[in-house]
Amino acid sequence: MTKTNEIPVAAQRRAGEPPESYFVPATDIYETADELVITADLPGIKPEGLSVTVEDNVLEIRGTLGAKAESPGEMLLQEFATGEFYRAFQLPADFDTDKIQAALKQGVLTVRLPKSERLRPRRIEVKIE
Amino acid sequence: MAMIRGWVPAPGPFGELQREMNRVFDAVFGKQLGAAGRIRAGYVYPPMNVWETPDGYVVACEAPGLEMGDLEVYVAGDQLTVSGNRPGDIPENATLHRRERDSGHFSRAITLPGPVDSTKTEATLAEGVLVVRIPKAEEAKPKRVTVHLEG
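If you read the protein sequences in the order shown, they are chains A and B. Per the numbering used here, the very first residue in the first sequence carries number 93; after that it's consecutive. Per the numbering used here, the very first residue in the second sequence carries number 688; after that it's consecutive.
Below, the structure written as structure tokens:
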């Protein structure tokens with residue numbers, strides 16, 4: 093069993109811009125009738141190294157993967173990077189920011205944005221007269 | 688220095704050049720390319736980082752979202768094989784807006800630079816990173832030779 097860590101979604105955006113150099117995590121975005129889901133691969137992530145914020149309909153994911161001092165010996169091959177990552181998405185419409193949930197499991201971040209009532213598909217009852 | 692066959696080693700002048708190229712590439716394209724900022728040409732999955740210690744080799748492998756049951760790790764001779772299945776996590780009825788995360792079966796083998804003792808291989812999985820520690824074969828470990836003075 094793996095532990096799922098709930099990450100508090102800060103309401104305010106952290107001051108500043110993207111870091112000077114960063115890498116971009118692979119991300120899936122999909123939509124169901126009830127919610128928009130954003131999934132990002134962040135292998136090696138620790139909850140304290142991650143920040144998820146939403147402001148002005150911009151979802152921002154940033155943080156640091158792995159410490160530079162973690163190298164266990166002489167490096168022979170490097171195919172993936174550690175260090176700062178950053179990604180921001182413009183959300184399509186207003187979501188209830190209080191209801192956004194973010195969870196981390198085995199290096200995968202999942203952000204769930206429930207659609208507001210206004211955005212949900214609605215079945216309209218047709219009255220037969 | 689030992690080299691992983693078929694791959695450009697990180698240290699040394701060529702590794703330095705590659706890192707410099709990556710820096711330039713990231714600086715120019717990093718922001719525009721999005722996830723493609725990770726160079727996809729010749730992309731191999733899963734990406735690995737390999738280190739050598741006096742006693743063995745440490746291989747770190749990206750495995751986000753995978754459980755130990757999804758992964759198989761073999762050491763045969765001096766070859767390490769990591770294979771598995773990455774289940775997709777997108778529901779069938781969903782509307783896709785963006786898909787960058789790969790799913791499906793994968794297998795990758797690398798040849799380690801020297802003889803190893805496969806019976807003592809340890810593999811751990813934490814936070815979506817698989818770490819395999821493979822000790823060197825006894826004859827490949829550095830030995831301290833005591834010098835006796837004569838006369």
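Beta carbons: idealized from backbone N, C-alpha and C, even for Gly.
Straight through space, the alpha carbons of A:ARG210 and B:ASN736 are spaced by roughly 47 Å.
Within the stretch 133-150 of chain A, the residues whose Cβ lies closer than 9 Å to some Cβ of chain B are ASP133, LEU134, PRO135, GLY136, ILE137, LYS138, listed in chain order.
In this chain, the beta strand (DSSP E) harbouring B:ASN772 covers 766-773. One alpha carbon belongs to B:LYS823, the other to A:GLU176, and they sit about 33 Å apart.
Straight-line spacing of the CA atoms in A:ILE130 and A:ARG204 works out to 7 Å. A straight-line Cα-Cα distance of about 43 Å links A:GLU140 and A:ARG215.
B:THR798 places its beta carbon 8 Å or farther from that of A:GLY165. By the Cβ neighbour-count rule, A:LEU169 is buried, with 16 or more other Cβ atoms within 10 Å of its own. Across the stretch 182-196 of chain A, no CB contact with chain B closer than 7 Å is found for any residue. Counting C-beta pairs closer than 8 Å gives three or more between the stretch 764-779 of chain B and the stretch 796-815 of chain B, which meets the contact rule.
For A:SER208 and A:SER113, the gap between their C-alpha atoms comes out near 36 Å. Using a Cβ-Cβ cut-off of 8 Å, A:VAL218 does not count as an interface residue toward chain B, since no Cβ of chain B sits closer than that to its own. At least one CB atom of chain A sits nearer than 8 Å to the CB of B:HIS784. Nearest CB-CB separation between A:PRO164 and chain B: below the 8 Å threshold.
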